Amino acid sequence: MSLRRFWLVASLDAREAAQRPLFWLWAALMGFNAWLMSRGNWIYRSVDTSLGSPRAFVNSEFQIAFVEGLLGFLLVSFFVAVAAGMPLIRDTERRVGEILGATPLTPGEYVWGKFAAALGACLAVMAAFLATYLLFVHGLPDAANPASYGPASAVAYLRPLLLLLLPGLLFTAGAAFFIGQATGKPILVFLLPVVLLPFLQNFVWRWFPPDLGPGAGAALRLLDPSGFRWLKETWLRVDRGIAFYNTRPIVYDAPFLASRIGWLLCGLLLVELARRRFARRSPAGARGGGFRRWRGWSARAGAAAAGGAATELTAGAAVAGGAAALSTLAMRGRVPGRLAGAWTVARFELAELISQPGLYIFLPAIVLFLVIAFNADGGPFGGAVLLTPGTAAVRGMLVLTPWLCLLLLFYTVESLQRERSTGLAPIFYSTPVATSSLLAGKALANMAVAGITLAASFITAGWVMSSQGRVPVTLWPFVLVWGLLFVPTLLAWTAFVTAAYVATGSRYVTYGIGLTALVATLAAFLHGDMNWAGNWPLIDALRWSDMGTFELDRQALWLNRLEVLALLPLLAYVAGRWFRRRESDRLAGGGRRPGERRRTALRLCVLTALPLALALALLGAVESGFQGSVVAKRHKDYWRQNLATWSEAPMPFITHVELDLDLEPAARSFRVAGSYDLVNRKPAAIPWFAVTGGLAWRDLAWTLDGKAYRPEEREERTGLFVFPR
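According to my numbering, the residues represented by the sequence shown are 772 to 1496, in order.
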């Protein structure tokens, strides 16, 4: 192997990676995570620190190891898989094989150079993440929480990065690189982190059965590529106190260190296997000549192909000479309608997607995770909880939402990219099929894949309920939850991904935008910033009851779903308007007609009006609702106004209560009429007493010892009613 040629391949690929927006999006996302870490939003606490107890240091080794052990597969693995799995596939799509055959490169120099560039780009992002974290902790700390920062220690920053994050990163990169070389299928590369993350989450990070033997537990600790199970089981399951985690370093035992080295070597071994496969599949690789004998092979193959083509042309001419004129065949052509064109494209795309092996990997994985979710909860005394159709639909939606969004992200982008990758774009885009039909057909095919997944999920839920043998399987709850509530999420997500791809023209930028949107949505939910107006995937928003179908949140649900559906015309217009089927002539002004920009802007404003109006209406309903900011402010005012005044005030004792309660489910209200026996057991008379009331109480009437109190005779202090005695 020539180091000069290896370095040339690596440096050229690294230079191209530095210009790719995907890495800059990834670096920005990791910078945001560094800011969250520096502000204590990724904290492992042994006790609650909100009331003045000692705070956990955001820069302790335990804290950094905790976050980086999870980040490796919660976020980093998706970008690593794209960065490391696509270089060889991308070169195949660019048809660079003939060019490689004219160079003195060997397969080893080429393959290892490509992998080194991808790995170097990933490590550069990790270095930027660490530098940003150091800046936020030591250069721009949170001035309001100085107790959250401990002394600086280079070991605390470097050891978790090297021992927890780096081995998993290198393994993922090697596995994605091998899958990309072995299959040439981008979707299989992308499914690696999609399947690996829920597997680790369900079977490694959170699975601690009581009958698990010490040998099996040790094996799981060492076979975890993230290292998080070892950290959790060794140091975190038994609370050692904030002082311990703040001041003590992590002691890494020898078996764990050996396992980390093993994961590093496993990633490199997969790259070497990819190199050997690549060398065998190259025209002269099996004879040991690498690319150097490819030129002679290409010349012979070209001559043979030319000879074959000449023979076919001769035979074709002979046939044509004895055939009738084409006019006698009476062939006619016509432009297909929009529906017919969309249906034709959808059938072709669906056949292509079904033939992809990714679907047959994803379906068994999602079925396994659904079975786990359906059997996850137990009763208060350890008994099994029967699964009902409504509960299965809501619980299954929690599992299906993230994984179907990721699957549709990759499938949609690859279906839109397919013609360019295969070189058929000039032919395909020159057909008379309308652009709207082309995009709609591809979207329908991807939604059909989602429909197949939902059908398999329904069969899984039915099998679990049938195995329990108590609750009959009914279809209506699944139609309501998955059909009316979940399908709008998938439609809007597919339209968003399509519009992002059309706007950027790059599969990698679209991946970055999609992953960033998912991470931002999850971050908003975890930090309590999500409300009904922005909760497009309905994260943790559904509460099923077999006694009533979404009685409390029905209005918010329908407004939310209408808002999501109202985005479809806007996203569809963006995709159809800017989808590039041909290159424009810059000298001729791009082919724009006078006033076209004004008409486009007007259409965008009209299409934006409806979802914006629905979002504002939903925001108004949320703000004025029982959990809105108005009610939250009144609760805060209640404590500000009354806590200090009445915390030590003498109060009578309640000795007897009689209540007459009338429930009004349709009006979401109730009426109460009753009496309370109050006894003063204090040594002195109580001149007044206070009653905490509900903020939504209406039409109040009070009597004391048979005497009616008029409204002006009592005092209301933001929900506290004060009665003079």
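We put the CB at the ideal spot given by N, CA and C, even for glycine. Given the structure is predicted, the values throughout are model-derived calculations rather than measurements.
Query, Result
"Buried versus exposed call for Glu1322 [16 or more other C-beta atoms within 10 Å across all chains shown]", "exposed"
"Beta carbon of Ala827 nearer than 8 Å to that of Ile1013", "yes"
"Reduced DSSP secondary structure (H/G/I, E/B, other) of Ser1316", "strand"
"Simplified DSSP assignment, three categories, for Leu1157", "coil"
"Residues near Gly1445 in its chain [Cβ-Cβ closer than 7 Å; skip 5 each side]", "Val1428, Glu1429, Leu1430 and Asp1431"
"Cα-Cα separation, Leu774 to Pro1340", "55 Å"
"Close-in-space but distant-in-sequence residues of the same chain around Glu1487 (CB under 6 Å, 5 per side omitted)", "none"
"Residues that DSSP places opposite Phe948 in a beta bridge", "DSSP output for Phe948 lists no bridge partner at all."
"Glu832 vs Pro922 beta-carbon contact at 8 Å", "no"
"Within 8 Å, strictly: CB atoms of Ala1384 and Ala1327", "no"
"Best match in Phe1140, Gly945 and Thr863 for proximity to Arg1191 [C-alpha to C-alpha]", "Thr863"
"C-alpha distance - Thr1463 paired with Asp1300, whole-angstrom precision", "29 Å"
"Ala788 versus Lys885 - alpha carbon distance", "11 Å"
"Validate contact between the region 939-953 and the region 1037-1053 using beta carbons, cut 8 Å, 3 pairs", "yes"
"Cβ distance (whole Å) where Gly1285 is taken to contact Val1273 below 8 Å", "About 13 Å separates the two Cβ atoms, so there is no contact after all."
"Buried versus exposed, by CB contacts within 10 Å (16 or more), Tyr1131", "exposed"
"Cα-Cα separation between Arg1064 and Ala873, rounded to whole angstroms", "With a pLDDT of 46 at Arg1064, under the threshold of 50, the modelled position of this residue cannot be trusted; read the value that follows with caution. Near 9 Å, if we compare the C-alpha coordinates of Ala873 and Arg1064."
"The region 1127-1144 contacting the region 966-986, beta-carbon criterion three pairs below 8 Å", "yes"
"Status (buried if at least 16 other CB within 10 Å, exposed otherwise) for Arg1105", "exposed"
"Distance, Phe803 Cα to Tyr815 Cα", "Its pLDDT being 48, under 50, Tyr815 is placed unreliably by the model, and nothing is read from it."
"Residue(s) in a DSSP beta bridge with Ser1440", "Glu1435"
"Cβ separation of Gly879 and Leu934, assumed to be a contact under 8 Å, to the nearest whole Å", "With a Cβ gap of about 29 Å, Gly879 and Leu934 do not count as contacting."
"Where Arg1247 falls: helix, strand or coil (DSSP)", "Looking at the sequence shown, residue 1247 is not Arg but Trp. Of the three classes helix, strand and coil, the one that applies to Trp1247 here is helix, per DSSP."
"Cβ neighbour criterion (16 or more within 10 Å) applied to Ala854", "buried"
"Coarse secondary structure for Pro1135, derived from DSSP in three states", "helix"
"Touch test, the region 1246-1256 against the region 1154-1166, Cβ-Cβ under 8 Å, three pairs minimum", "yes"
"Proximity below 8 Å, CB of Ala1221 to CB of Leu1169", "no"
"Counted within 10 angstroms of its Cβ, other Cβ atoms place Thr1082 as buried (16 or more) or exposed", "Because the pLDDT of Thr1082 is 44, which lies under 50, any placement of that residue in the model is unreliable, and the question is left without a value."
"6 Å CB neighbourhood of Ala798 in its chain, flanking five on each side removed", "Val896 and Ala899"
"Pick from Pro917, Thr1281 and Ala1312 that is closest to Phe1257, judged by C-alpha positions", "Ala1312"
"For Val1493, three-class secondary structure by DSSP", "strand"
"Distance between Leu1338 and Thr1379 (C-alpha atoms, nearest Å)", "8 Å"
"When Ala1214, Gln1239, Gly1254 and Pro996 are compared against Val1184, the one with the closest alpha-carbon", "Ala1214"
"Pairwise C-alpha distance: Asp913 and Leu906", "12 Å"
"Ile1021 beta carbon less than 8 Å from that of Ala836", "yes"
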